[in-house]
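Asker:
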Amino acid sequence: MRRRLLRILLALIAVIATPLGILTFTAYDPPPEAPADVRCAGDQVTLRKGDAFTLVSWNIQFSASRKHQFFYDGGDVVQVPRADVDETLAAIAKALRALGPDLALLQEVDRGSDRTHRVDQLGPLLDALKDPCEVSAPYHRARFVPFPVPDFLGKVDMNLAVLSRFSMRQAARVQLPLLKESRIRQAFNLKRALLHAEVPVEGLSHPLAIAVTHLSAFSRGDGTLAEQVAVLEAWMSARPEGQPWILAGDLNLLPPGDDPKRLRVHSELFADEVNPIERLLPRFQEIFGARNQLDTENRTYLPFGYQEPDRKIDYVFYGGPIEVEEAEVLRRYSALSDHLPVRAVLRLGEAAGRPGDVRGGGGGSNGQNLPPPGVPPHERVPYHPSDPDSAPSNIDTGTG
């Protein structure tokens, strides 16, 4: 009897382990760097020295709406109702159409994931911007994710994307360091990445370099974020003198000086002894200026159930001959994603100022100018009108 039970147990283990092993060892395993295909439709606009252009950076939370508390956020939701996906995707496309950015740097774009009914979300976003050039790169791709149990995530294909009214070239995906976890967990988890490309600029000797990324949310101080930031730092440092460049995305890092203990939820996620963002700020310029990072108007992330953002974890860095004319966090889109879109108007051809400077009204809260010394914050004059993760499965599924 015992032998029979043992044989049955071994057979069950084999039934479970064999497909799990196949999935593990045939998992998406991207190289350190690989070319990414740029696709263009219609006529592209020529970017020239001296031109102003609009940029939007947005983590769209795979168009899942803000109605659901997902399993990685302490809830139990895995799959999103099709009606919610369609409604949210249409609203995000409408928002992009209204904003009309020349460059859209997007994170968490599902392209055939089971949780969002295998909808390729990039299509409607391209239509919204009237067939721009586009390049995308996966950073969570798996044929089948067997977590959480019993409502599996299944097939997932989540991407970074750059949409551009200008022509693009020389795009590539750079693999970022993985979380410190087992080979099996790494096989099914996110493969965080940096996606970069070039936009030719008439009148400049260098193209505009653009990059989008989304760093790990659940490292819990294991050193991964510092390693990922080091890759971003290396990319920014490698830009030749005189080249304009932009790097934007969800970094999952608080600004320097922001104490995570003040947060009511998910404060334990910011566990690094030294905040890795300090490698980037104030060394590199961010559109809101080094002195305005803690302004409440510049917060970008809304935990589940929150009506107002409680932290800034999304950034737009820039360098070279670029001047910031406007910068704002768009709060009117708070119903569409757990991240608010960040919008900036930039101009090519002027050398960027010092990291702490506010140039062209772009460095203050929601685009406010930095007040002269002695002027209290409430007396700042607006530059332009303001727009009215403890995971139970430990799967770093990307939100946040």
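Each number in our numbering comes from the position in the sequence shown (counting from 1) with 333 added on. Ideal Cβ positions, reconstructed from N, Cα and C, are used throughout, including at glycine.
Straight-line CA distance for ARG665 to THR387?
Answerer: Each residue's Cα considered, the two are about 18 Å apart.
Asker: In the structure shown, what three-state DSSP assignment does THR557 receive?
Answerer: helix
Asker: With three or more C-beta pairs closer than 8 Å as the rule, is the stretch 416–431 touching the stretch 467–474?
Answerer: no
Asker: Once the 5 residues before and after SER497 are set aside, which same chain residues still bring their CB inside 6 Å of it?
Answerer: LEU436, PRO465, CYS466
Asker: Look at the alpha carbon of ALA623 and the alpha carbon of ASN608, and state the distance between them as a whole number of angstroms.
Answerer: 15 Å
Asker: Below 8 Å between beta carbons: does that hold for TRP578 and GLY653?
Answerer: yes
Asker: I need the straight-line Cα distance from ALA559 to ALA360, nearest angstrom please.
Answerer: 25 Å
Asker: Please look up how many angstroms separate the CB atoms of ARG610 and TYR651, rounded, as I've assumed it's under 8 Å.
Answerer: The question names Arg, but residue 610 is Ile in the sequence shown. Not a contact, Cβ separation roughly 16 Å.
Asker: Within the same chain, show all residues whose beta-carbon is closer than 6 Å to that of ARG553, passing over the 5 residues directly before and after it, in chain order.
Answerer: ALA604
Asker: Say yes only if the C-beta of ASP643 is nearer than 7 Å to one or more non-hydrogen atoms of the ligand FAD, and no if none qualify.
Answerer: The model on display carries no ligand, and the ligand FAD is accordingly not part of it.
Asker: Would you kindly report the start and end of the unbroken alpha helix (DSSP H) that includes ALA431?
Answerer: 415–432
Asker: Extract the residue ranges of the alpha helix (DSSP H) inside the stretch 507–540, only unbroken runs of 4 or more that lie entirely within it.
Answerer: 516–521
Asker: Going by DSSP in three states, THR387 sits in which element: helix, strand or coil?
Answerer: strand
Asker: When we look at the beta-carbon of GLN640 and count the other beta-carbons within 10 Å, is it buried (16 or more) or exposed?
Answerer: Looking at its Cβ environment, which holds fewer than 16 other Cβ atoms inside 10 Å, GLN640 is exposed.
Asker: According to DSSP, simplified to helix, strand and coil, what is ARG444?
Answerer: strand
Asker: How do the stretch 485–503 and the stretch 361–377 stand: do at least 3 beta-carbon pairs fall below 8 Å, yes or no?
Answerer: yes
Asker: Sorted by chain position, which residues of the same chain lie with C-beta nearer than 7 Å to GLU566's C-beta, five sequence neighbours on each side aside?
Answerer: Cβ neighbours of GLU566 beyond the five flanking positions: ARG612, LEU613.
Asker: With DSSP run on the structure shown, which of helix, strand or coil describes PHE404?
Answerer: helix
Asker: Tell me which same chain residues have a C-beta within less than 6 Å of the C-beta of VAL562, skipping the five on either side of it?
Answerer: Once the five neighbours on either side are set aside, the close Cβ partners of VAL562 are PRO609, ARG612.
Asker: Within 10 Å of its beta-carbon, does ASP591 have 16 or more other beta-carbons around it, so buried, or fewer, so exposed?
Answerer: buried
Asker: Are the stretch 437–451 and the stretch 578–589 touching by the rule of at least three beta carbon pairs closer than 8 Å?
Answerer: yes
Asker: Any chance the stretch 377–387 sits against the stretch 670–678, with 3 or more Cβ pairs inside 8 Å?
Answerer: yes
Asker: What residue range does the beta strand (DSSP E) around GLY653 cover?
Answerer: That residue, GLY653, is in no beta strand (DSSP E); it is neither H nor E in DSSP.
Asker: For the candidate residues ASN625, LEU541, PHE637, ALA520, whose alpha-carbon lies nearest to that of TYR648?
Answerer: ASN625
Asker: Please name the residue or residues paired with GLY582 in a DSSP beta bridge.
Answerer: THR546, TYR648
Asker: For ARG448, which residues from the same chain have a beta carbon less than 8 Å from its beta carbon, with the 5 sequence-adjacent residues on both sides left out?
Answerer: PHE395, ALA397, VAL411, GLN412, VAL413, LEU486, GLY487, VAL489
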